[in-house]
Amino acid sequence: MPTGVDRFEVQRLVAAGAQLVEVLPQDEYDEEHLEGAIHLPLKQLGTETAAVLDRGRPVIVYCWDTL
Amino acid sequence: MSPRAAWRLERLGFGHVYDYVVGKVDWMAAGLPTVRANTTERRAIDGVDDAPPSCAPDTPVRDLTKGRSIIVLNASGIVLGRVPASRPGGPGRTAEEVMQPGPTTVRANEPLDPLLARMADRKVAEMLVTTPEGRLLGVVHAGS
Chain C
4 MPTGVDRFEV QRLVAAGAQL VEVLPQDEYD EEHLEGAIHL PLKQLGTETA
54 AVLDRGRPVI VYCWDTL
Chain D
109 MSPRAAWRLE RLGFGHVYDY VVGKVDWMAA GLPTVRANTT ERRAIDGVDD
159 APPSCAPDTP VRDLTKGRSI IVLNASGIVL GRVPASRPGG PGRTAEEVMQ
209 PGPTTVRANE PLDPLLARMA DRKVAEMLVT TPEGRLLGVV HAGS
């Protein structure tokens with residue numbers, strides 16, 4: 004089950020090697036994204052696109068906000 | 109959207125999936141590093157004085173620097189109030205006793221130029237910039 008995390012936990016996990024993934028569309032990723040974030044839009048998220056991720060490291064996904 | 113992405117990754121076999129639910133807006137509001145297409149738009153965090161005068165709640169008013177307003181912070185750096193330069197209440201009291209609680213604040217990603225224009229319109233000399241939790245990041249001074 005995915006775990007909800009706050010900003011402080013995100014910073015801790017990234018420092019420990021977690022991968023940050025923005026799941027918004029291309030234009031919104033281009034507009035602004037977190038430093039170091041990989042872009043994997045939800046609408047294209049599948050086995051092939053997810054292959055860019057390292058399965059041995061934690062993954063943190065995010066979009067704009069809770070809505 | 110991110111909860112569905114997290115569940116999707118779990119279905120794809122990823123074992124340690126986390127969801128930063130409050131996301132990009134929360135990160136930007138805290139003034140943390142991002143990569144931006146529009147690098148010309150200044151934000152509040154770009155114009156802050158990051159070492160404004162501040163004190164603990166129990167600081168005696170007589171020990172405060174004269175002639176300036178002082179921000180009152182708790183031990184976690186959270187803004188509790190502001191002691192105005194006029195020092196109401198007299199020097200024998202503490203900062204917490206004379207402060208104005210709950211001063212207006214903005215987040216780090218507030219566009220700076222419109223903020224400065226509003227401050228000029230309303231004759232506001234300084235605006236506190238905080239994280240979403242209320243931790244002080246600095247102060248924007250009018251005309252900066």
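First to last, the protein sequences are chains C and D. Each residue of the first sequence is one higher than the last, beginning at 4 in our numbering. Each residue of the second sequence is one higher than the last, beginning at 109 in our numbering. Think of the CB as a built atom: it goes at the ideal place given N, C-alpha and C, for glycine as much as any other residue. Quick caveat: nothing in here was measured; it's all calculated off a predicted structure.
- D/Y126 is bridged by DSSP to C/T6 and C/I63.
- Annotation: C/L37 to D/H124 spans about 20 Å, alpha carbon to alpha carbon.
- In the DSSP assignment, the residues bridged to D/P168 are D/T202.
- Taking a contact to require three or more Cβ pairs closer than 8 Å, the region 160–178 of chain D and the region 194–204 of chain D qualify as touching.
- For C/I63, the nearest beta carbon of chain D is closer than 8 Å to its own beta carbon.
- With respect to C/L43, C/T52 sits close: the two C-beta atoms are nearer than 8 Å.
- For C/Q22, the enclosing beta strand (DSSP E) begins and ends at Q22 to E25.
- Looking at the DSSP output, D/L117 sits in no beta bridge, so it has no partner there.
- Counting C-beta atoms within 10 angstroms of its own C-beta, D/S184 has fewer than 16 neighbours from the protein chains shown and is therefore classed as exposed.
- Distances from the alpha-carbon of D/M227 to those of D/T142, D/T238, D/T239 and D/T213 put D/T213 closest.
- By the Cβ test, the region 239–250 of chain D is in contact with the region 207–225 of chain D, since at least three Cβ pairs between them sit closer than 8 Å.
- Distance from the CA atom of D/E234 to the CA atom of D/E241, rounded to whole angstroms, is 20 Å.
- For the 8 Å CB-CB criterion, C/C66 and C/L16 do not form a contact.
- Close to C/H36, with beta-carbon spacing below 9 Å, are these residues of chain D in chain order: K132, T142, V143 and R144.
- For the region 43–55 of chain C, the set of residues with a beta-carbon nearer than 8 Å to any beta-carbon of chain D comprises L43, L45, L48, G49, T50 and A53, in chain order.
- Distances from the alpha-carbon of D/A152 to those of D/G139, D/Q208 and D/R116 put D/G139 closest.
- Pairing C/E35 with D/R144 gives a Cβ-Cβ distance under 8 Å.
- In the structure shown, D/S110 adopts helical secondary structure according to DSSP, grouped into three states.
- Listed as beta-bridge partners of D/S184 by DSSP are no residues whatsoever.
- For C/E34, the three-state secondary structure derived from DSSP is helix.
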